[in-house]
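Residue numbers (the numbering used here): 1421 to 1720.
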């Protein structure tokens, strides 16, 4: 009877559109594993599109090794003061999930699009987590990120075969995950900064930049206060409700309202937050609840 139940479970599990039989491998997890902390965390995913070749980044140890190295780099960039809160399993390993999309990837945007929708449908929708995927896909961008989910494209010309570049791209994108650049960030330039900073496109430098970390720009969020950094600030901010509220004000709330207005911290009263440009912010939280089928017609 026990064997029969196990067989039936396996058939049901493998018939799921999110799991293919060839992807079942020792040490691989298709779901977020039990948390060792109820704190805010960054959860990582190894992602393939429908026809992507499985290079086992999630189980061969390479992705974990590079991400742990990334966090040591973050520690150095903050002057050895803080690093990111990563999601770990009970066995002490970095919690990396495997996701294969049921559609082919596109060379267009992945944020605020089908991949965000797809992983939320699979249950990757905890508002106290950022979901960051390393995608085995050739994309013209090195990476993309919003305040709930992000992507580093392993086969991008920027990243393929270049460990240091994968780390730098991911560090860059994770800053977007903390809300940067904010409307009030000094030198803001289309979501980035003039620099010098790793968040600059035109004046790149391997530093966070004093417009982002430990600045004196009153009323504007400082990276050191993000809930996703440890040690946690005495006055932490959560980027998700803040950016989603700004998206609502900018006319880009998928469901009309996210109900986050009451969570806006009073200390962030910079004049640049008084008037928000139309469509200048976007939020993918609850995309799986709000989305309509025709939104993803370019994904086949």
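Each residue gets a CB set at the ideal place from its N, CA and C atoms; glycine is no exception.
Inside the region 1622 to 1684, DSSP marks whole alpha helix (DSSP H) runs of 4 or more residues at positions 1659 to 1669, from first to last along the chain. Taking a cut-off of 8 Å on C-beta distances, the region 1652 to 1672 does not touch the region 1615 to 1629, as fewer than three cross pairs fall below it. Taken in chain order, the whole beta strand (DSSP E) runs of length 3 or more contained in the region 1443 to 1498 are 1461 to 1468. Per the DSSP secondary-structure output, residue 1530 pairs with nothing in a beta bridge. Taking a 10 Å sphere around the C-beta of residue 1471, we find fewer than 16 other C-beta atoms and assign the residue as exposed. Relative to residue 1589, the option among 1612, 1600, 1618 whose CA is nearest is 1618. The DSSP assignment places 1583 to 1597 as complete runs of the alpha helix (DSSP H) inside the region 1547 to 1615, in order along the chain (cut-off: 4 residues). 9 Å or more divides the Cβ of residue 1567 from the Cβ of residue 1652. Judged by DSSP in its simplified three-state form, residue 1716 adopts helix. Assigned with DSSP and collapsed to three states, residue 1544 falls in coil, not helix or strand. When the beta-carbon positions are compared, residue 1479 and residue 1551 stay at least 9 Å from each other. CA-to-CA, the gap between residue 1545 and residue 1708 works out to about 9 Å. Residue 1467 and residue 1454 have their C-alpha atoms spaced approximately 20 Å apart.
When Cβ pairs closer than 8 Å are counted between the two stretches, the region 1443 to 1460 is seen to touch the region 1506 to 1526, the count reaching three or more.
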